[in-house]
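Enquirer:
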Amino acid sequence: MRRVAGRVYVPDAQGRYRPYRALWVKEGRVAGLEPGQGEGEVVLPGFHDAHVHIWKIGQLLTDLLDLRGVGSLEALKRLLQERDRLLPPGAWVLGRGWNEALLGAWPTRAFLDGILPHRPVLLTRTCAHIHVANTQALRAAGIGPDTPSPPGGEVRYEEGLLLERAYGLLERAMPRRTVEDYQRYVLAGAHHLLSRGITSALEAGADPLLLEAYRRLDREGRLPLRVSVLAVVRPDGEETTYPLPEPYRSERLVVAGVKFFADGGLSGASAAVSRPYREVGGKGVLRLSAGELFELALPAHERGFFVATHAIGDVAILEVLEAYHRLYQARPLPVRHRLEHFGLPGPKALSLARALGVWAVPQPIFLEELRENFLRYLPQEFLPRCYPLARMARAGLSLAFSSDAPVVREVSPLKGALAAGRPLMGRGIPLARALFYYTQPEASGLPPAWLWPGHKADLAVWDRDPFRHPEEARVVRVEVDGAAVFTA
Ligand SMILES: [Zn+2]
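Just so you know, the sequence shown maps onto residues 102 to 589 in the working numbering.
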């Protein structure tokens with residue numbers, strides 16, 4: 102038995118944090134709590150990020166040039182030259198996260214050729230839908246001035262720009278990711294999550310190779326935190342369908358859910374909405390109707406998988422809820438499906454989601470990092486219902502908060518919880534409540550982790566009290582199963 106003394110915060114059944122002066126740990130589980138006020142280390146249950154792309158975070162931290170926040174073409178040039186010196190001859194330079202609004206201009210093929218004419222370069226915009234390549238990269242893919250644009254995409258050879266599905270032309274020529282690459286990325290991403298106090302997470306979309314990487318890491322005992330992996334059945338922008346994965350459940354790894362996409366995003370004005378966007382016009386793209394989603398999801402539902410569907414616009418959300426309603430009617434099973442993002446729900450969607458008992462998985466940090474995009478594109482009447490977290494809570498929804506990183510920069514649940522207090526309009530969610538919504542592993546098919554006696558000893562130790570000093574508090578140590586997996 103080990104005693105962890107200090108100021109230990111544990112939520113009660115209503116999600117209100119109560120202070121204790123110590124916690125007892127035995128064989129990886131909480132054995133007991135000592136009531137009372139304590140001083141010293143501040144301990145909270147480890148957080149759960151209910152929708153994050155762990156491997157992509159890891160890839161950004163290792164093989165990719167992280168271009169998020171780069172503020173000028175000159176700075177971009179320096180980063181490219183630095184990377185060039187580290188790579189063997191002929192290797193591709195791959196980067197992600199540039200934003201022309203910050204750079205002050207669009208990067209072009211000529212710009213890239215001027216810096217690195219001798220190796221292929223491909224840089225992906227922050228939205229992941231637009232890419233710029235140099236001549237070497239385009240040549241490697243057989244793309245020239247006369248290459249026609251594929252359906253659903255656009256090649257702009259002069260600028261070196263590839264839009265939407267035109268990326269597929271280039272992807273074929275790029276070095277293939279291996280299962281070992283994926284393992285490296287997952288471990289780098291996992292370490293980053295731990296550093297923010299996260300002890301479990303949902304990997305929000307995996308192809309069969311990534312699933313294999315996770316299984317191998319788990320079998321080798323190398324996963325430092327708990328992960329639930331969502332299997333992608335219908336890959337984004339492709340016609341092929343992968344078979345349902347084999348269900349998998351161990352102490353650290355769970356494969357119990359499948360992922361679908363019902364629409365696009367708000368920052369690029371492609372979420373399916375009922376009123377036209379400002380500036381760009383249009384009502385976004387509905388990728389799956391209720392009937393189509395029902396057909397696709399029924400085999401997963403029948404086998405007990407939870408279904409997690411990306412739905413942001415009000416139109417897409419209602420289609421998904423209708424599909425879930427039909428699934429439960431066809432086969433009344435206890436599995437709880439999920440709505441990923443749930444960006445623009447109207448009153449009808451809130452009550453339907455509540456009635457069906459599904460999980461809503463929004464990203465409070467979007468309110469901060471994508472705020473300008475929301476204010477720019479959304480019709481005025483949508484602003485009060487854009488990620489209306491307080492309304493979701495009042496409607497009695499099951500909420501699990503998440504980051505969707507690396508779509509956004511910030512993974513920290515503490516930063517996300519602060520953003521939950523600052524909606525576009527109206528009231529926000531108090532910090533302690535928001536942190537409780539970042540502690541909902543059950544939404545991902547993982548056991549509850551609130552440091553109640555009998556729960557796993559998954560915890561984060563903070564240098565100061567996050568409730569009192571949310572802007573400054575830092576994680577100093579993280580334990581999973583009562584063993585240290587991260588130390589600052
Ligand atoms: Zn995502």
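The beta-carbon is built from N, C-alpha and C at its ideal position, and this holds for glycine as well.
1) Return the chain-ordered list of same chain residues with a C-beta closer than 8 Å to the C-beta of ARG472, the five sequence neighbours on each side being excluded.
2) What number of angstroms, rounded off, separates the C-alpha of VAL562 from the C-alpha of ARG578?
3) Candidates HIS293, ASP282, SER301: which alpha carbon is nearest LEU311's?
4) Just to be sure I understand the criterion: a residue counts if its Cβ is closer than 5 Å to at least one heavy atom of ligand 1. Which residues meet that?
5) Please give the ranges of any beta strand (DSSP E) in the segment 378-450, keeping only runs that are unbroken, at least 3 residues long and fully inside the region.
6) Using the Cα positions of PRO136 and VAL222, report the straight-line distance between them to the nearest angstrom.
7) In chain order, which beta strand (DSSP E) runs of at least 3 residues are fully inside the segment 185-235?
8) Apart from the five residues just before and just after LEU165, which ones in its own chain have a Cβ nearer than 8 Å to its Cβ?
9) Counting only the same chain and skipping the five closest in sequence on each side, list residues whose C-beta sits under 7 Å from that of ALA267.
10) Report, in whole angstroms, the separation of the C-beta atoms of TYR343 and VAL356, which I expect to be a contact under 8 Å.
11) May I ask you to list the residues that DSSP assigns as paired with GLU135?
12) Are three or more beta carbon pairs between the segment 311-320 and the segment 579-586 nearer than 8 Å?
13) In whole angstroms, give me the CA-to-CA distance for ARG376 and PHE443.
14) Tell me, please, whether the segment 238-250 touches the segment 118-126 by the rule of three or more beta-carbon pairs shorter than 8 Å.
15) VAL287 lies in the alpha helix (DSSP H); which residues open and close that run?
16) State the Cα-Cα distance for the pair VAL233 and PRO554, rounded to the nearest angstrom.
17) Identify the residues that DSSP records as bridge partners of TYR118: which are they?
18) Using DSSP's beta-bridge definition, name the partner residues of PHE362.
19) Of the choices GLU347, LEU490, PRO433, ALA289, whose alpha-carbon is the least far from that of ILE530?
20) Can you tell me which of PRO276, ASP113, ARG179, GLY290 puts its alpha carbon nearest to the alpha carbon of PRO325?
21) Work out the CA separation of PRO190 and ARG528 for me, nearest whole Å.
22) What are the start and end residues of each continuous alpha helix (DSSP H) run of 4 or more residues lying completely inside the segment 439-521, in chain order?
23) On the three-state DSSP scale, how would you describe TRP63?
24) Have a look at HIS293 and GLY159 and give me their C-alpha separation to the nearest angstrom.
25) Can you grab the Cα-Cα spacing for the pair GLY269 / ARG278, in whole Å?
26) Please report how far the alpha carbon of HIS219 lies from the alpha carbon of LEU515, in whole angstroms.
27) State the DSSP-derived secondary structure class of ALA535, mapped to helix, strand or coil.
28) Give the single residue among GLY358, PHE406, PHE212, VAL421 whose Cα lies nearest to the Cα of LEU387.
29) Apart from the five residues on each side of it in sequence, which residues of its chain come closer than 6 Å, Cβ to Cβ, to ARG297?
30) Rounded to a whole number of angstroms, what is the C-alpha to C-alpha distance between GLY205 and GLY172?
31) Where do the N-terminal and C-terminal ends of the alpha helix (DSSP H) with GLU272 fall, by residue?
32) Kindly confirm or deny that the segment 427-439 and the segment 126-140 touch, where touching means at least three C-beta pairs closer than 8 Å.
33) Rounded to a whole number of angstroms, what is the C-alpha to C-alpha distance between PHE361 and ALA332?
34) Taking all protein chains shown into account, decide if MET102 is buried (16 or more other Cβ within 10 angstroms of its Cβ) or exposed.
35) Less than 8 Å separating the beta-carbons of ARG210 and GLY261?
36) Determine the DSSP secondary structure at PRO309, reduced to helix, strand or coil.
Expert: Per the coordinate set shown:
1) For the purposes of this step, residue 472 is taken as the residue at position 371 of the sequence shown. Around ARG472: LEU525.
2) Looking up residue 562 in the sequence shown gives position 461. Looking up residue 578 in the sequence shown gives position 477. C-alpha separation (whole angstroms): 5 Å.
3) Residue 311 sits at position 210 when you count from the first residue of the sequence shown. With respect to the C-alpha of LEU311, the residue from HIS293, ASP282, SER301 having the closest C-alpha is ASP282.
4) Any residue whose Cβ sits closer than 5 Å to a heavy atom of ligand 1 makes the list: ALA305, ASP505.
5) Taking only runs of at least 3 residues, the beta strand (DSSP E) segments lying wholly in the segment 378-450 are 407-412, 439-442.
6) Against the sequence shown, residue 136 aligns to sequence position 35. Against the sequence shown, residue 222 aligns to sequence position 121. Computed Cα separation, rounded: 59 Å.
7) As far as the segment 185-235 is concerned, its whole beta strand (DSSP E) runs of at least 3 residues are 194-199, 222-226, 231-234.
8) Working through the sequence shown from its first residue, we reach residue 165 at position 64. Contacts found: LEU195, GLY196, ARG197.
9) As a first step, residue 267 must be located in the sequence shown, where it is residue number 166. Cβ within range, chain order: SER250, PRO251, GLY254, GLU255, VAL256.
10) The residue given as residue 343 occupies position 242 in the sequence shown. The residue given as residue 356 occupies position 255 in the sequence shown. Rounded, the Cβ-Cβ distance is 13 Å, inconsistent with contact.
11) Residue mapping note: residue 135 aligns to position 34 of the sequence shown, counting from 1. In the DSSP output, where bridge partners are listed per residue, GLU135 has ALA123.
12) Of all C-beta pairs linking the segment 311-320 to the segment 579-586, fewer than three are shorter than 8 Å, placing the two stretches out of contact.
13) Taking the sequence shown and counting its residues from 1, the one referred to as residue 376 is at position 275. Taking the sequence shown and counting its residues from 1, the one referred to as residue 443 is at position 342. If you take the alpha carbons of ARG376 and PHE443, they lie about 17 Å apart.
14) No: the two stretches stay apart, fewer than three of their Cβ pairs being nearer than 8 Å.
15) Taking the sequence shown and counting its residues from 1, one reaches residue 287 at position 186. It spans 280-295 - the alpha helix (DSSP H) in which VAL287 sits, taken as one unbroken run.
16) Counted from its first residue, the sequence shown places residue 233 at position 132. Counted from its first residue, the sequence shown places residue 554 at position 453. Using only the alpha carbons, I get a separation of about 53 Å.
17) Here residue 118 corresponds to residue number 17 of the sequence shown, with the count starting at 1. Listed as beta-bridge partners of TYR118 by DSSP are PRO112.
18) As a first step, residue 362 is located in the sequence shown; it is residue number 261 there, counting from the start. Partner(s): HIS411.
19) In the sequence shown, the residue the question calls residue 530 occupies position 429. Cα-wise, what sits closest to ILE530 is LEU490.
20) The residue you call residue 325 lines up with position 224 of the sequence shown. For PRO325, the closest of PRO276, ASP113, ARG179, GLY290 by C-alpha to C-alpha distance is GLY290.
21) To locate residue 528, count along the sequence shown from 1; it is residue 427. To locate residue 190, count along the sequence shown from 1; it is residue 89. Cα to Cα, the separation comes out at about 55 Å.
22) As far as the segment 439-521 is concerned, its whole alpha helix (DSSP H) runs of at least 4 residues are 448-457, 467-470, 472-478, 490-495, 514-521.
23) Outside the modelled stretch of the chain, which goes from 102 to 589, sits residue 63, for which no answer is possible.
24) For the purposes of this step, residue 293 is taken as residue 192 along the sequence shown, with counting starting at 1. For the purposes of this step, residue 159 is taken as residue 58 along the sequence shown, with counting starting at 1. One alpha carbon belongs to HIS293, the other to GLY159, and they sit about 8 Å apart.
25) In the sequence shown, counting from the first residue as 1, residue 269 sits at position 168. In the sequence shown, counting from the first residue as 1, residue 278 sits at position 177. Cα-Cα distance, rounded: 15 Å.
26) On the sequence shown, position 118 is the one that residue 219 refers to. On the sequence shown, position 414 is the one that residue 515 refers to. Near 44 Å, if we compare the C-alpha coordinates of LEU515 and HIS219.
27) Within the sequence shown, residue 535 is the residue found at index 434, counting from 1. In the structure shown, ALA535 sits in a helix (DSSP, three-state: H, G or I).
28) In the sequence shown, residue 387 corresponds to position 286, counting from 1. By alpha-carbon distance to LEU387, the top candidate from GLY358, PHE406, PHE212, VAL421 is VAL421.
29) Taking the first residue of the sequence shown as 1, we reach residue 297 at position 196. The answer, listed in chain order, is VAL512, SER513.
30) Within the sequence shown, numbered from 1, the residue matching residue 205 stands at position 104. Within the sequence shown, numbered from 1, the residue matching residue 172 stands at position 71. Approximately 8 Å, taken between the alpha carbons.
31) Walking along the sequence shown from the start, residue 272 turns up at place 171. DSSP places GLU272 in the uninterrupted alpha helix (DSSP H) bounded by 268-272.
32) Short answer: they don't touch.
33) Counting from 1 along the sequence shown, the entry for residue 361 is found at position 260. Counting from 1 along the sequence shown, the entry for residue 332 is found at position 231. Approximately 9 Å between the Cα atoms of the pair.
34) Indexing the sequence shown from 1 puts residue 102 at position 1. So MET102 ends up on the exposed side.
35) The residue given as residue 210 occupies position 109 in the sequence shown. The residue given as residue 261 occupies position 160 in the sequence shown. Cβ distance < 8 Å, so ARG210 and GLY261 count as in contact.
36) Taking the sequence shown and counting its residues from 1, one reaches residue 309 at position 208. In the structure shown, PRO309 adopts helical secondary structure according to DSSP, grouped into three states.
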